[in-house]
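**Q**
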Amino acid sequence: MTEVYFLTSNLGKLREASLIAEQYGISLRQLPAKRIEIQSDDLARISAFSARVAARKHHVPVVVEDAGLFIEALGGFPGPYSSYVFKTIGVNGILKLMEGVRRREAYFLSVVAYCTPKGRSLIFKGRVDGYIASEVRGTGGFGFDPIFIPKGDTRTFAEMSSREKNLYSHRAKAFTKFFSWLAERRGNL
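Residues in the sequence shown are numbered from 4 upward in steps of one, following the numbering used here.
#1: Compare the beta carbon distance of T11 and P64 with 8 Å and say whether it is the shorter of the two.
#2: In the structure shown, what three-state DSSP assignment does R105 receive?
#3: Can you list, in chain order, the residues of its chain whose CB lies under 7 Å from that of I74, leaving out five sequence neighbours each side?
#4: Taking only runs that begin and end inside the stretch 88-151, name each unbroken alpha helix (DSSP H) of 4 or more residues, in chain order.
#5: How about R166 and L14: do their beta carbons lie closer than 8 Å?
#6: Do you know offhand how far G141's Cα is from T157's?
#7: When we look at the beta-carbon of G155 and count the other beta-carbons within 10 Å, is it buried (16 or more) or exposed?
#8: On the criterion of 16 or more Cβ atoms from any shown chain inside 10 Å, does G144 qualify as buried, or is it exposed?
#9: Could you give the first and the last residue of the continuous beta strand (DSSP E) run that contains Q33?
#10: For T159, which residues from the same chain have a beta carbon less than 7 Å from its beta carbon, with the 5 sequence-adjacent residues on both sides left out?
#11: Per DSSP, which residues does P153 bridge with? Please list them.
#12: Report the option in K99, E187, R189, F182 whose CA atom is closest to the CA atom of V66.
Below you can see the structure in the form of structure tokens.
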């Protein structure tokens, strides 16, 4: 079985990605190391750098995922700064910024970077379009899940199970591309 280490401290991300990895016969193990993250407006640069540093340091194939919530009425904010914005103002802060805003279109973008100890980083992206809810809804998920409604559904991500969320999710799309690519190359890496 192919084994890949996922550099993350977010158990929600690990759970969602593991559900997809299982479908491809891939063992996804958490690499509970400190992530080195550069500041950039580009999620791909952030993820690729982190994957490259971790793979070389720990001498194992590493996957890193970074995601951002891009709200059109806010000029793409918080984008690559989503984690910091979530930690500082949270979902209620975003809802406060969106008070009185009619156009609530938004999207989540996920970038998965994979790197072997001697390789270069490969990038896989996933995007889901949707809307910002007018109130917090649901208790599942993590991050901005309680305020994001994907197109094609009326529930927020936080109102869905992990399996249901994976039917729409930006992260699921990016990881599906990655695991599909990896499964095709099994034994040739």
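By construction, the Cβ of each residue, glycine as well, lies at the ideal position given by its N, Cα and C atoms.
Keep in mind the model is a prediction, meaning the values are calculated, not measured.
**A** Let me lay it out:
#1: no
#2: coil
#3: F80, A109, I135
#4: 93-100
#5: no
#6: 12 Å
#7: exposed
#8: buried
#9: 29-34
#10: A136, R140, G141, D148, P149, I150, F151, I152
#11: G133
#12: F182
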